[in-house]
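The numbers in UniProt numbering rise by one with no breaks, and the one at position 109 of the sequence shown is 116.
Every residue, glycine too, gets a C-beta built ideally from N, C-alpha and C.
Owing to the predicted nature of the structure, the values given are computational and were not obtained by experimental measurement.
All remarks here apply to the structure that follows.
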Amino acid sequence: ARVMILNGPNLGRLGVREPEIYGHASMADLERAAAGWGSDRDLAVQVRQTDDESTLVGWLHEAVDTRSHVVLNPAAFTHYSYALRDAAAQVTTSGLLLVEVHLSNPASRESFRHLSVVAGIATGTIAGFGFDSYRLALDAVRNKLAA
Ligand code: DQA
Numbered sequence: 008a009r010v011m012i013l014n015g016p017n018l019g020r021l022g023v024r025e026p027e028i029y030g031h032a033s034m035a036d037l038e039r040a041a042a043g044w045g046s047d048r049d050l051a052v053q054v055r056q057t058d059d060e061s062t063l064v065g066w067l068h069e070a071v072d073t074r075s076h077v078v079l080n081p082a083a084f085t086h087y088s089y090a091l092r093d094a095a096a097q098v099t100t101s102g103l104l105l106v107e108v109h110l111s112n113p114a115s116r117e118s119f120r121h122l123s124v125v126a127g128i129a130t131g132t133i134a135g136f137g138f139d140s141y142r143l144a145l146d147a148v149r150n151k152l153a154a
């Protein structure tokens, strides 16, 4: 099965950005780790990152059209982008899995991070485990596909 790991704004700055919250590893490190996790789980994994909302919306359309499951870290779009939510809804309503992931635990941070407008249409959410959030999301996809 195919899985697109899609990352929203500022996540290209991982390693440099607020390392006390997001850690010292970079998006390139995540790409390398995800390639290994994918091959261990027999999943064809692609990692992408953009700061641009319309690009992210387009990638979600592409996921629907190519029958790819999605692991999505919407970053700040999580909290207010109805366009992203509507695009993500097309993934799950077409029978594909979409796991919302966060490196940090937004529920334990500022109140504006407590709302996710994406959560309600996601298959499920994993937050608070750093890079491990992504690995756990791939486990969830593999287990759900095998169930
Ligand atoms: C984040 C949490 C968001 O609140 C924040 O805007 C991000 C990263 C996370 O992975 O912890 O950019 O999605």
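Cα-Cα separation, residue i to residue j
| i | j | result |
| --- | --- | --- |
| S118 | G19 | 24 Å |
| L152 | P26 | 34 Å |
| L79 | V108 | 6 Å |
| G135 | G43 | 21 Å |
| T99 | D59 | 22 Å |
| A82 | N17 | 8 Å |
| R120 | T132 | 14 Å |
| V23 | L145 | 25 Å |
| G90 | H31 | Looking at the sequence itself, residue 90 is Ala, so the reference to Gly does not match. Answer to the nearest angstrom: the Cα atoms are 31 Å apart. |
| A114 | L143 | 18 Å |
| S33 | A147 | 23 Å |
| F84 | G15 | 7 Å |
| A95 | R48 | 24 Å |
| T57 | Q97 | 20 Å |
| S88 | A154 | 32 Å |
Supposed contact pair residue j and residue i - C-beta distance, whole angstroms, cut 8 Å
| i | j | result |
| --- | --- | --- |
| V106 | A129 | 7 Å |
| L50 | R149 | 6 Å |
| A35 | F138 | With a Cβ gap of about 12 Å, A35 and F138 do not count as contacting. |
| S123 | I28 | So it is not a contact: roughly 17 Å between Cβ atoms. |
| Y141 | L37 | 7 Å |
Nearest residue (CA-CA) to residue i, options the options
| i | options | result |
| --- | --- | --- |
| A8 | Q97, G45, G65, A32 | G45 |
| R55 | A70, D47, D49, F136 | A70 |
| V77 | T62, L67, T100, S101 | L67 |
| G102 | S88, Y87, R116, D72 | D72 |
| D93 | S111, A114, S61 | S61 |
| H86 | R116, G65, T57 | R116 |
| V64 | A114, L21, A32, M11 | M11 |
| R74 | S88, F84, L104 | L104 |
Contact test: residue i Cβ vs ligand 2 heavy atom, cutoff 8 Å
| i | result |
| --- | --- |
| G15 | Looking at this structure, you won't find ligand 2 anywhere; what it does contain is ligand 1. |
Secondary structure of residue i, DSSP reduced to three states
| i | result |
| --- | --- |
| V148 | helix |
| residue 156 | In this structure the chain extends from 8 to 154, so residue 156 is not present and cannot be described. |
| A8 | coil |
Query - Whole runs of the beta strand (DSSP E) within the region 76–113, excluding any shorter than 3 residues - result: Whole beta strand (DSSP E) segments, 3+ residues: 76–80, 105–109.
Query raised in the report: Which whole runs of the beta strand (DSSP E) in the region 45–77 are 3 residues long or more, in chain order?
Result: 51–56
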